[in-house]
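**Q** Quick one: structure below, then a few questions.
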Amino acid sequence: MEAMMTLEIKDNTFARQFEITIPEGLITVEYSFQEKKIFLTRINKPEGFDDELLIDELLKNIMTIAYERKLRVVPILPRIASFFRKNSMYKELLPPGIKI
1493 MEAMMTLEIK
1503 DNTFARQFEI
1513 TIPEGLITVE
1523 YSFQEKKIFL
1533 TRINKPEGFD
1543 DELLIDELLK
1553 NIMTIAYERK
1563 LRVVPILPRI
1573 ASFFRKNSMY
1583 KELLPPGIKI
């Protein structure tokens, strides 16, 4: 497994989103819970921001959080589904029956 950049992630439970602050502004990944599953529903990023590697690092960090909290991850967005396709080591976090 490649080295992961550790990001300063804030879990804003009130707004139901993970947040990181970058020089360009705030990146958030919105989520909702149902039973022991976390649904990743939206990625918000500053206007013109296109650093996909940073988004991947953020998602890797979120997968670590999900693993530590014993949550299954349900990718709602195509962008997050493609993250799972590229990073097969996280597929164990998918709920049974979800194929990507």
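Remember, the numbering used here sits 1492 above the position in the sequence shown when you count from 1. Glycine residues also receive a C-beta, built at the ideal position from the N, C-alpha and C atoms.
Could you tell me the distance, in whole angstroms, from the CA atom of E1511 to the CA atom of E1527?
**A** If I take the Cα positions, the gap works out to 22 angstroms.
**Q** What's the C-alpha gap between T1556 and M1581?
**A** Taking the straight line joining both Cα atoms gives about 11 angstroms.
**Q** Counting contacts by CB-CB distance shorter than 8 angstroms, is Y1582 in contact with chain E?
**A** Here there is only one protein chain, and chain E is not present.
**Q** What residue ranges within the region 1549 to 1591 form continuous beta strand (DSSP E) runs of no fewer than 3 residues, ordered along the chain?
**A** Segments of the beta strand (DSSP E) lying fully in the region 1549 to 1591: 1564 to 1567.
**Q** Give the secondary structure of I1519 by DSSP, where H, G and I count as helix, E and B as strand, and everything else as coil.
**A** Of the three classes helix, strand and coil, the one that applies to I1519 here is strand, per DSSP.
**Q** Do I1590 and R1577 have their C-beta atoms within less than 8 angstroms of each other?
**A** Not closer than 8 angstroms, so no.
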